[in-house]
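Residue numbers (the working numbering): -2 to 125.
Written out as structure tokens, the structure is:
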């Protein structure tokens, strides 16, 4: 499944479908393959829940300057990347993915600009 404007509107019913003001969206268990459109349509997101999908890469979230919590647990992610622009990120959940020890050093270096990051969950990855 793809993250479309229609799907985002359906998941934001409590916000009258106004995506530009949306602060939280839950898109877990939708068999989503790729992160897309949230950075363009939901610029004020603080919480993005994408756990239990089939996402392979962290992408298209760099413009989410207000994002504080990103849940990507139970996906197919192999490396932590493309989060430098998420300057408000405090909590990143990557539990049960495929982050290997060979990519761990690069992944950690990719988080150097996330100065507010307090919690990083990596349990259930090959690197742990």
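Where a beta carbon is used, it is the ideal one built from N, C-alpha and C, also for glycine.
Just to confirm, does residue i get its C-beta within under 6 Å of one of the non-hydrogen atoms of the ligand FMN?
i, result
"residue 9", "What this structure holds is no ligand at all, so the ligand FMN is not there to describe."
Roughly how many angstroms separate the alpha carbons of residue i and residue j, rounded to a whole number?
i, j, result
"residue 24", "residue 101", "26 Å"
"residue 95", "residue 123", "6 Å"
"residue 75", "residue 49", "15 Å"
"residue 91", "residue 71", "7 Å"
"residue 85", "residue 26", "25 Å"
"residue 44", "residue 104", "21 Å"
"residue 120", "residue 7", "32 Å"
"residue 12", "residue 21", "10 Å"
"residue 125", "residue 98", "8 Å"
Just reading off the beta strand (DSSP E) that residue i is part of, what are its end residues?
i, result
"residue 21", "21 to 23"
"residue 88", "88 to 90"
Among the residues of its own chain, which have a CB less than 8 Å from the CB of residue i, if the five just before and after it don't count?
i, result
"residue 115", "87 and 88"
"residue 2", "16, 34 and 38"
"residue 73", "51, 52, 53, 94 and 95"
What does DSSP give as the partner residues of residue i in its beta bridges?
i, result
"residue 44", "21 and 66"
"residue 116", "88"
In its own chain, which residues sit with a C-beta less than 6 Å from the C-beta of residue i, not counting the 5 before and 5 after it?
i, result
"residue 33", "0 and 57"
Kindly indicate the opening and closing residues of the alpha helix (DSSP H) around residue i.
i, result
"residue 99", "98 to 106"
"residue 110", "Neither: residue 110 is in no alpha helix (DSSP H) and is coded neither H nor E."
"residue 3", "2 to 7"
Enumerate in chain order the residues of its own chain whose CB-to-CB distance from residue i is below 7 Å, with the five nearest sequence positions on each side excluded.
i, result
"residue 110", "81"
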